[in-house]
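Sequences listed follow chains A, B and C, in order.
Per this note's numbering, the first sequence starts with residue 8, numbered consecutively.
Per this note's numbering, the second sequence starts with residue 32, numbered consecutively.
Per this note's numbering, the third sequence starts with residue 35, numbered consecutively.
Remarks on the structure that follows.
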Amino acid sequence: MNLTRIAEIFTGKARPGVSGTDYSQRTKRLVAVFFVVLLVMGLLQAFTPGPFRHFFVDFVLTQSLILGIAASSLIFLSAYGGMISLAQVLMYGMCGFVVGNSVTTLGSKGLKLGLNPWVGVVIGVVVTTFVGFVLGVISSRSSGLYYLMITLSFGVIGTYFFGQVTQLSGFGGVNQVRPPGYIGEPDSATNPERMFYTTLVVAVIVYLLLRYVSRTPFGLTLQGVRDDPVRMNSLGYNVAMHRVWAFTLSAFVASLAGVLYVWEWRSISPTTINLFGIIDLLVIAVIGGILMLEGAWLGAFVFVALENYVRDVLLLNNWIGEDRFRTLVGAVVLVLVLACPDGLVGLRRIRFAIPMSIVGGVVWGTAGGVVIGSGGAISGIIVGAVAGIGFAGLLNLVKEFDWANSMAGSLGKYRLKVSAPRTD
Amino acid sequence: MKLFGKKTVWLKVLTASLVMSLVAAACAAQTETADQALQIANSANSAAAAAQAAADAAAAEARSVQAGAAEMQAAIDVAQAAAILAQSTAEDNEAAVAEAQADLDAANSALADATVAAEKAQMEASAATEEAAAAQERAQAAEMEAEEAAQRAEDAEARAAEAERTAAGTQEIKLAILSDCEGAFGAFHEQDIAGVATAFAEYAGATITNRSKPTDGFTGASVAGVPINLVGIGCADDTAEAAIRETRNLMENLGADIMIGPLSGDESIAVANYAKDHLNQTFINGTAGAQDTTLTVRAPNFFRFNGDGAQWNAGLGDIAKNTLGWETAAVIGDDYSFAWTSMAGFIAEFCAAGGDVISRVFPPLNETNYSGFVEQLPDPDEVDGYFWAVGGAGLIPALKAFEDAKGPVDGSQHIGNLFWGTPGQFEQLGGRVDGAYVGGFGIAGDLKTANANRHMEIITRHFDEIPFGGNPAPASDAHGSGFFLNYHNAAWGLIQALEAVNGDLSNNHEKLRIELSQVVLDGAFGEIRLDENRQAIQDQFVQRIYTDDEGNLAIRTVAFIPAVDQTFGGTFDGDPTPSRDYPACEERDIDWIGNARTVVDGIIQ
Amino acid sequence: MTDVKLDEGAREPSGRPGLTGRASSHYRRIRTMGWRQLVPRLLLAAVLIFIAVWILFVTEVSSAQAAINEPGRFLRSILDSITNASLYFIVASGFTLIFGLMRTVQMAHGSMFLLAGYIALTFQRERLDINQGISPEQVSASNWLLPLIFAVLIVSGLGLVIQQVFLRWNAGQDLRQAIITIAISIIMADQMTANFGGVAKDITWPREIHGFIETENFRYATHRFFIIGVALGVGGLLWLLLNKTRTGMVIRAGVDDTPMVQALGINVHKVFAVSFALGSALAALGGVIGGSHASLAPSVDAEWLLHSLVVVIIGGLGSLRGAAAGSLLYGLAKSFAPAYLPASLTNYSIIATFAVLAIVLALRPYGMFGRAE
C-alpha cells in the first residue's frame with residue numbers, strides 16, 4: 008500500500024462500491040479533519056501554559072481516543088458485519104488485565120510477573136486476540152439481538168471472572184501499571200502529552216486499518232454476509248468463518264485500546280468492564296453513529312467531555328446539583344438519541360441542528376461563564392449545544408409529524424422524515 | 032477552540048509577566064518593612080531585658096533584708112525559750128527563782144531591743160519591697176513594649192512570608208473533596224462534606240454557605256493568612272474507576288493542591304497509587320478503611336487520620352472469646368479489600384485469644400441472593416457464633432436469608448462490623464440484631480467526655496441540618512457518624528499542619544508533609560497521631576445494639592481500647608495483605624486482649 | 035437485521051449417507067440429528083449425570099455435604115432455587131413480554147423494579163409511621179398489599195408514559211430504543227439515589243405471610259412459599275391472557291407478524307401500550323416482592339436488569355415458557371453453585387453460575403425456547 012493509496016483512503020476518495028451508508032464524502036473528510044485538529048490541538052497545548060492544558064489533553068482527549076478505538080471495533084462489527092457486539096469492553100479490559108499482571112512488580116494484586124512493558128503488550132494483545140477468536144467461534148452461530156445478548160453475557164462473565172479470581176485481580180483491580188519509559192515517565196506529571204501522541208497515532212492507524220480492511224475482498228464479503236448471509240452461503244462463502252475473523256480483528260483492535268487504557272489509568276479493575284462499562288461503550292457508539300467508524304471518536308469525545316465537564320449548569324443547578332450530574336448525562340444521551348437517529352455523524356442531515364447547537368452552546372456557555380465561571384461556561388456550552396440539537400429535532404418533529412393521521416389513530420407513520428426509513 | 036489559539040498564548044504570557052513583575056515589586060517592598068520591624072522589635076526586646084534585670088536585683092535585695100529580720104526574730108524565740116526553760120527549772124528550786132527572774136528580765140529587755148531592731152529591719156524590708164515592686168512595674172511595662180514590638184515584627188514577617196508565597200505563585204490553597212454521591216455510600220455524601228466544612232468553619236474561619244446543605248460548600252477559609260479555596264467536590268460511586276476519574280478531574284482539571292478523600296476501600300487503594308505518581312499534591316484519606324492503602328502502597332503524600340477496617344474491630348475478638356465465650360466462629364463478608372481488612376481484625380484477635388475460625392464465606396460484592404452462601408455457613412448448633420462483614424445492599428438480604436435457612440438471628444450469637452453500628456444504617460436492620468456487639472468506627476456517639484461534647488457543639492454551631500439519604504436530618508445526628516468524624520478529622524489535621532507551616536506548599540509540599548505526619552489531634556473520641564506510614568493510631572470502641580425505652584434500636588459503647596495501631600499489636604506488616612485466607616487462624620499475643628476498659632453509660636471506667 | 039435466517043441452512047451440511055433402509059426409528063433420529071448435534075448432547079447428559087451424582091453422593095468436600103447425608107440442606111437448596119426462580123420469572127416475564135411483542139430491549143426494567151420497591155417502601159412506612167427496620171408483627175396484610183397495588187399502578191403508568199413518549203415513534207429501531215431506555219435508567223437511578231437515599235432498606239412482609247414451617251431437620255419460610263405461589267399465579271394468568279383472551283391472541287399474533295395484524299385492521303399500538311404497561315407492572319410486582327424478600331439499594335436495579343437478561347438469554351427471547359425454564363435453570367445454578375462446589379472453588383461460584391449460561395448458548399444459540407428471528 009503506497010502513500011497515495013493511504014491518502015485516498017484517508018480523504019475518502021477511494022470509495023468502495025459496496026457500502027452500508029449513503030453519506031457524502033464530506034462527512035468522512037470532516038471526521039478526518041477532526042483527527043488533524045486533535046493533533047494540532049495537542050501540539051499547541053504542549054507549548055501553552057495554563058491549568059487547562061494537562062487535563063484536557065492528558066485525560067479528556069486521550070481518554071476519548073482510547074474509548075474511540077474500543078468503540079470503533081464495535082462499530083466495525085456493526086457497520087460491516089451486522090453484528091452488535093457488547094464483548095468489546097471485555098476484550099479491552101482483558102488485555103488491560105493481562106498487561107497489568109505481566110508488568111507490575113510490587114504493591115499490587117495479581118501475578119506481579121514484572122516483565123518488560125513491551126513484552127507485556129505483546130502477551131496482552133496475543134492473549135486477547137486468541138480469546139477473541141474463541142468467543143467469535145462460540146457466538147458465530149447467532150445474529151441480530153441474540154448476538155448482542157450472547158456477547159453481553161460474555162462481558163458479564165468476564166467481569167465476575169476478574170472479580171472472583173483474586174490470583175489475577177479481585178474486585179479492587181490491578182494497580183501501578185506503568186507504561187514504558189518512552190510513553191510515560193514513572194512520575195506521570197512529567198511529559199504527560201507523550202501518552203496523548205501515542206494514543207493519537209494508534210487511533211489513526213486503527214482507523215486506517217479498519218477502513219482498509221473494509222475494502223479488501225474480506226471486508227467486501229463481510230458486508231455481503233451482513234446484507235444477505237443466505238445468499239453469501241449459497242455462493243460458497245463460509246459465513247460463520249467471516250464472522251469469526253471479523254470478531255477476532257475487532258478483538259485485536261479492542262486489545263490495543265486495552266493497552267492504552269491501562270497505561271493511561273495505570274490501573275484497571277473489574278468495575279471498568281462491568282455492565283455500566285459495557286453500556287457506556289454502546290452509548291458512545293450509538294450517539295456517535297453506529298454505521299460509521301468515525302462516529303466512534305465523535306461519540307467518545309462527547310461522552311468523556313460530558314462525564315468530566317458537565318457539573319454546574321446555569322439554570323439547572325438548583326434542580327440538578329453537582330452531585331447529580333449523572334442525571335444530566337442521562338438527559339443529554341436521551342436528547343441526542345432522540346434527535347439524531349443516525350448519531351452525531353448524521354447531524355448534518357438534520358435541518359437547523361448545527362446552527363442551533365452553535366447558538367445554544369454560545370448563549371448558554373456565555374451566560375454560564377458570566378454567572379458561574381469557567382466550569383459553568385464549559386457545562387453551558389455542552390448542554391446548550393445539545394439543547395440546540397434537541398430543539399432542532401423537536402422543530403422537525405412538529406413540522407413533519409403527521410398530526411391528522413396520528414389523531415385519527417392510524418399509525419405507522421410515526422417517523423421523522425429527516426431520518427431515512429430503516430430496514431433493520 | 033479559540034481557547035488554545037495563538038492569540039491567547041501571547042495574551043497569557045503577557046498577563047503572566049505583568050503579574051510576575053507586580054508581585055516581585057510588592058514582595059521587595061514588603062521584605063524591607065519586615066526588616067525594619069524586626070530591628071525595632073529586637074531593640075525593644077533588649078531594653079525590656081535590661082529592665083527585667085534591674086527589677087530582679089531590687090527584688091533580691093529586698094529578700095535579703097527580710098531574711099535578716101527573720102533571723103532576729105529567731106534569736107528572740109531562742110531567748111524566750113530559754114526563759115521558759117528557766118521558769119520550769121525554777122519550779123523545783125524556789126531559791127533560784129529570783130535568779131531566774133533576773134535572767135528573765137534581762138531576756139525581756141533583750142527581747143525589747145531585738146523587737147525594736149526587727150521593726151527597724153522590717154521597715155527597711157518593706158521599703159525595699161516597694162522599690163522592687165516599682166522596678167517590677169517598670170519591667171512589665173518594658174516587657175509589654177517588647178511584646179508589642181515583637182507582634183509588629185511578627186506581622187511584618189507574616190506579610191513578608193505572604194509576599195514570598197505570592198512570588199512563588201501560591202496566593203491560595205486549592206482544596207478538593209472526594210466523596211461518594213452514588214453507590215452504596217451515596218447516602219453519606221452530605222455528612223462527609225459537612226465534616227470537612229465544620230472543620231474549616233471552626234478552625235479556619237470559613238463561612239458555611241448554606242446551614243442546611245453542606246454540599247453548597249464554604250467560603251472565606253484561611254490558614255495563617257493564606258486563603259483556602261474549595262474548588263470542587265468529587266462524586267464517585269465506590270468503584271476504583273470512578274474514584275480515579277473524579278480524582279483526576281479535581282486535581283488536574285480544577286487544579287487542586289490538596290484533596291480530602293476518598294470514601295471506600297478499593298477507591299482509596301487506587302487513589303493512594305495515584306498519589307504515588309503525583310508527588311506535588313497531597314492526599315488525605317476521607318474515611319476509607321482498606322489496609323493496603325497505607326500499609327502496602329505507602330505513598331509518601333497520602334495521609335490517613337482514621338483507623339483501617341482491622342483497627343476499627345479491635346476488642347471484638349476478645350469479647351467474642353472471653354465475654355461471649357465463643358470457642359469457634361464462622362465469618363462471612365463481601366469479597367473485596369475493605370471487608371477482608373475488617374474480617375482480618377476480628378480473625379486475628381479472636382484466634383489470638385484462643386478461638387478458632389471454622390468457616391469463611393465470601394459472597395461477591397452487591398449480591399442480593401444469599402441463600403447459597405448462607406448454606407455454606409455452619410448451622411447455629413455447629414458453631415458458637417458468626418461475624419458479619421457484609422455491607423451495602425447485601426446486609427439485609429444476607430440476614431434474611433440466614434433467618435430463613437437457619438432460624439432467628441440471636442443477637443448474642445452474632446457480631447457485626449461497622450455496618451451494624453453506623454447510625455442511619457443499623458436502624459434498617461430491624462429488631463433481629465438487638466443485643467449484638469458491633470465493631471467500631473473510631474467513634475462512640477454516647478461518650479460523655481469534654482471532647483465529645485465539644486464535637487457536638489461544633490456540629491450544631493455550624494449546621495442546622497445535615498441531610499441524610501435524600502431526607503433532611505438534624506445536624507446533631509452526625510455526631511455519631513464515623514463518616515462525618517473521619518472527614519472532619521482529615522480536614523482538622525490538614526488545618527493544623529497548614530498552620531504549622533504558614534500555608535507553605537513550596538518544594539512539593541515538603542514542609543506540609545513533615546508537619547502532617549507529626550500532627551496530633553485531640554480528637555472528639557480520643558487522641559489521634561500518625562505512624563511512620565502516615566496511618567492513624569487511634570483509640571477504638573466496641574459498641575452494642577440495644578432497644579431503647581421507646582422500642583427503637585439504639586447503640587451504646589461498651590468497651591474502650593486505647594491507641595490501636597495498624598500492625599494490630601504486631602500482627603500485620605503489609606505483606607501479605609488481608610485476603611480470603613489471610614490472616615490464618617493462630618494464637619498470638621495481642622496486648623489489649625483481656626485489658627479492654629469497659630464503658631458504662633458513656634463513661635470509661 | 036436482515037441477516038438472521040442463515041442458520042438452519044448454513045450450519046448443517048446434508049445428512050450422512052447410508053443406513054437408510056432398515057434403520058429403526060431411534061436410529062433414524064440419531065442420524066438426522068447428525069454427530070455435531072449428538073456429541074454435545076451426550077456431553078451435556080454426561081455433565082448433568084455427573085452433577086447429580088456429585089450432589090447426591092460425593093460432596094464431602096463442599097460446605098453443604100452430600101445430599102443423602104444432609105437431605106434437609108438439599109431440600110432447602112431445591113426450595114431456594116425455586117423461590118429465586120419464581121422471583122426471576124415474575125420480573126423476566128415482563129421483560130420477555132415487552133421484547134417478544136415490540137422487539138424493545140427494555141434496559142430500564144431494573145429501574146422499574148427498584149422504583150416500585152421504593153414507592154411501596156415509602157408508602158408502607160408512611161402508613162405505619164416508622165422509619166426504620168420493621169418487624170413483620172407490626173405489619174398487617176393491608177399495609178403490604180395497598181403499597182403493592184399503589185406501586186404497581188404508578189410504575190405501570192410510568193411505563194406507559196415512557197412507551198408513548200419515547201418508544202412509540204421509534205418502533206422497529208431496536209438499538210435506538212435500547213439506548214433510550216438506557217438513558218432513562220441512568221436518570222432514574224440517579225434520581226432514586228437522590229430521593230430515597232443510598233442506604234439499603236427493605237419492605238416488611240405482613241404477619242399473615244411471614245412465618246416458618248419447622249420440622250426436626252428442616253425449616254423453611256412461608257413467605258418464600260408465598261413467592262412461589264405468586265409466580266405460579268402470574269404464570270397462570272399470563273398463560274390465560276395469552277391463550278384464552280382476544281388481547282392475548284392479538285399479542286401472540288403481533289409477536290409473530292406485526293404488519294399482518296395491522297393489516298387486519300387491529301390497532302396494534304393499543305396492544306403495544308397494554309403490553310408495555312403490563313410488562314412494567316410485572317417488574318413492579320417483582321420489585322415489591324423482591325424488596326420484601328431481599329432489599330432495596332442503589333445497584334439493585336442493575337442487578338435485576340442483569341437477572342432479567344440472563345433469564346431471557348437462557349430461555350429464549352420473547353418466550354414465556356423460556357422465561358420459566360430460564361428462571362428455573364438460573365435459580366438452580368445460583369443456589370447450588372455456592373453450596374455444592376468443592377470448598378476450594380466456592381469463591382468462584384458466580385463464574386460457575388454463568389458457565390451454565392455459556393453451555394446453554396453453545397448448544398442453543400437462541401436459548402432454550404427461542405426461535406431464530
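For glycine and all other residues, C-beta sits at the position ideal for the given N, C-alpha and C.
To the nearest whole angstrom, what separates the beta carbons of residue i and residue j, a pair I think is in contact under 8 Å?
i                         : j                         : result
glycine 128 of chain C    : leucine 351 of chain C    : That belief does not hold up - the Cβ atoms of glycine 128 of chain C and leucine 351 of chain C are roughly 13 Å apart, past 8 Å.
glycine 317 of chain B    : tryptophan 343 of chain B : Their Cβ separation, rounded to whole angstroms, is 15 Å, which puts glycine 317 of chain B and tryptophan 343 of chain B out of contact at 8 Å.
glutamate 380 of chain B  : leucine 347 of chain B    : 7 Å
serine 309 of chain C     : isoleucine 132 of chain C : 6 Å
glycine 368 of chain A    : glycine 382 of chain A    : Incorrect: roughly 15 Å between the Cβ atoms, too far for contact.
leucine 237 of chain C    : alanine 154 of chain C    : Note that residue 237 of chain C is isoleucine in the sequence shown, not leucine. Isoleucine 237 of chain C to alanine 154 of chain C, Cβ: 6 Å. Contact.
leucine 305 of chain A    : valine 352 of chain A     : 6 Å
aspartate 288 of chain B  : leucine 536 of chain B    : 6 Å
isoleucine 259 of chain B : glutamate 203 of chain B  : 7 Å
glycine 177 of chain A    : lysine 116 of chain A     : 5 Å
Using the beta-carbon count (16 or more within 10 Å), is residue i buried or exposed?
i                            : result
glutamate 168 of chain B     : exposed
isoleucine 428 of chain C    : The question about residue 428 of chain C has no answer here: the residues shown for chain C are numbered 35 through 407.
alanine 153 of chain A       : The sequence given here has tyrosine at residue 153 of chain A, not alanine. Under this definition tyrosine 153 of chain A is a buried residue.
threonine 409 of chain C     : For residue 409 of chain C there is no data in the structure shown, the boundaries of chain C being 35 and 407.
tryptophan 125 of chain A    : exposed
tryptophan 326 of chain A    : exposed
glutamate 171 of chain C     : exposed
arginine 318 of chain A      : buried
phenylalanine 388 of chain C : buried
threonine 292 of chain C     : buried
arginine 75 of chain C       : exposed
proline 362 of chain A       : exposed
glycine 625 of chain B       : exposed
Could one say the Cβ of residue i lies closer than 8 Å to chain D's Cβ atoms, at least one of them?
i                      : result
glycine 180 of chain A : Absent from the structure: chain D. Protein chains present are A, B and C.
contact_flag[the segment 135-149 of chain C, the segment 190-203 of chain C] where n(CB pairs < 8 Å) is 3 or more: Verdict: yes, contact present.
Chain C contacts from the segment 358-371 of chain B (Cβ-Cβ distance under 8 Å): Cβ contacts with chain C come from Asp366.
Mind the definition here: the segment 242-258 of chain B touches the segment 250-260 of chain A only if three or more C-beta pairs lie below 8 Å; say whether that holds. No contact exists between the segment 242-258 of chain B and the segment 250-260 of chain A.
Is there contact between the segment 274-287 of chain A and the segment 264-276 of chain B, where contact requires at least three CB pairs shorter than 8 Å? The segment 274-287 of chain A is in contact with the segment 264-276 of chain B.
For the 8 Å Cβ check, are there 3 or more pairs between the segment 214-234 of chain C and the segment 311-319 of chain C? Counting Cβ pairs under 8 Å, fewer than three are found: no touch.
So if I threshold CB-CB distances at 8 Å, which residues from the segment 594-613 of chain B count as touching chain C? Correct list: Arg611.
Closer than 8 Å is the cut-off here; do at least three beta carbon pairs connect the segment 224-236 of chain B with the segment 521-532 of chain B? Verdict: yes, contact present.
Would you say the segment 432-445 of chain B touches the segment 250-260 of chain C, given that touching needs at least three Cβ pairs under 8 Å? Segments in contact, yes.
Name, going along the chain, the residues of the segment 393-415 of chain B whose beta-carbon falls closer than 7 Å to a beta-carbon of chain C. Legend: CB atoms of the segment 393-415 of chain B lying less than 7 Å from CB atoms of chain C belong to residues Phe393, Pro395, Asn397, Thr399, Asn400, Ser402, Gly403, Phe404, Glu406, Gln407.
Could you check whether the segment 255-272 of chain A touches the segment 78-96 of chain A, counting it as contact only if at least three pairs of C-beta atoms, one from each stretch, sit closer than 8 Å? Because the criterion of three Cβ pairs below 8 Å is met, the segment 255-272 of chain A and the segment 78-96 of chain A touch.
When Cβ atoms are compared, which residues of the segment 454-465 of chain B fall closer than 7 Å to chain C? Per Cβ criterion, the list reads Gly455, Gln456, Glu458, Gln459, Leu460, Gly461, Gly462.
Answer yes if the segment 327-343 of chain B comes into contact with the segment 367-374 of chain B, meaning at least three C-beta pairs across the two stretches below 8 Å, and no otherwise. Between the segment 367-374 of chain B and the segment 327-343 of chain B there are three or more C-beta pairs closer than 8 Å, enough to call the two in contact.
Ignoring anything shorter than 4 residues, give me the alpha helix (DSSP H) runs that lie fully in the segment 203-286 of chain B, in order along the chain. 220-234, 271-279, all fully within the segment 203-286 of chain B.
Cβ contact check for the segment 593-611 of chain B and the segment 451-469 of chain B: 3 or more pairs under 8 Å: No, the segment 593-611 of chain B is not in contact with the segment 451-469 of chain B.
For the segment 267-295 of chain B, enumerate the residues whose C-beta is nearer than 7 Å to any C-beta of chain C, in chain order. Taking 7 Å as the Cβ-Cβ cut-off against chain C, none of the residues of the segment 267-295 of chain B qualify.
Considering only residues of the segment 524-593 of chain B, which uninterrupted alpha helix (DSSP H) runs meet the minimum length of 4 residues and lie entirely inside it, listed in chain order? Along the length of the segment 524-593 of chain B, whole alpha helix (DSSP H) runs at least 4 residues long occupy 537-549, reported in chain order.
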